[in-house]
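According to the numbering used here, the sequence shown holds residues 747 to 884 in order. Ideal Cβ positions, reconstructed from N, Cα and C, are used throughout, including at glycine. All remarks here apply to the structure that follows.
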Amino acid sequence: MRSPGCATVAALVAALAFAAPPARAASGPPLRLVALAAWLITVGLGLVMMARWVVRGGLRRARTGSTGPSPAMNFAHLGLAVAGLVLWIVYLAAGMTGLAWIASMLLLPVAGLGMTLVSLWLPERAIAAVTVPAAQAV
Numbered sequence: 747m748r749s750p751g752c753a754t755v756a757a758l759v760a761a762l763a764f765a766a767p768p769a770r771a772a773s774g775p776p777l778r779l780v781a782l783a784a785w786l787i788t789v790g791l792g793l794v795m796m797a798r799w800v801v802r803g804g805l806r807r808a809r810t811g812s813t814g815p816s817p818a819m820n821f822a823h824l825g826l827a828v829a830g831l832v833l834w835i836v837y838l839a840a841g842m843t844g845l846a847w848i849a850s851m852l853l854l855p856v857a858g859l860g861m862t863l864v865s866l867w868l869p870e871r872a873i874a875a876v877t878v879p880a881a882q883a884v
């Protein structure tokens, strides 16, 4: 036999469950779509920067041994970013949460490589801006 106290606690819990206000629908797009939009923008900008780097002779300069980011770092950064985007799109289509976690974990090496590339690129730009051609120095 149950004690009268258990019945009142159960009734109180049931009453509170029904008295809770209904959940509101979130206003605006779901966060997963906002993340997709941000990822598409950043990958698009990254593709533009990679194309400019290749067109302006980034691969040739790397073969001659000049300073600056290596092609392997550039392509690893781009490849990981695109792989993360593809995994995120598959997660949105299939609803497999594990893919979202893997895509999110790929952001760590992508961000690390991106910061490394910027830190390698900045000294090269600073030296190029300060260097004066010999004809102007005279």
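Please name the residue in Arg-806, Trp-867 and Gly-860 whose C-alpha comes closest to that of Gly-792. Gly-860
Range of the contiguous alpha helix (DSSP H) that encloses Gly-790: 777 to 801
Please check the pair Ala-849 and Gly-825, which I expect to be a contact at CB under 8 Å, by giving their CB distance rounded to whole angstroms. So it is not a contact: roughly 14 Å between Cβ atoms.
Quick one, are the C-beta atoms of Val-856 and Ala-827 less than 9 Å apart? Their beta carbons are under 9 Å apart, which means Val-856 touches Ala-827 by this criterion.
Between Val-801, Ala-822, Arg-806 and Leu-805, which has its C-alpha nearest Leu-853's C-alpha? Ala-822
Extent of the continuous alpha helix (DSSP H) to which Gly-841 belongs: Careful: Gly-841 lies outside any alpha helix (DSSP H) and carries neither H nor E.
Leaving out five residues on either side along the sequence, give the residues of the same chain with a beta carbon under 6 Å from the beta carbon of Leu-833. Leu-845, Ile-848 and Ala-849
Round the Cβ separation of Leu-805 and Pro-817 to the nearest angstrom and send it over; I've been treating them as touching at under 8 Å. 6 Å
Pick from Ala-839, Asn-820, Thr-843 and Ala-840: whose alpha carbon is nearest that of Trp-867? Asn-820
Expressed to the nearest angstrom, what Euclidean distance is found between the alpha-carbon atoms of Gly-790 and Met-842? 25 Å
By how many angstroms is the C-alpha of Thr-862 removed from the C-alpha of Val-759? Summary for Val-759: the model assigns pLDDT 48, below 50, so the residue's position carries little reliability, and this model does not support an answer.
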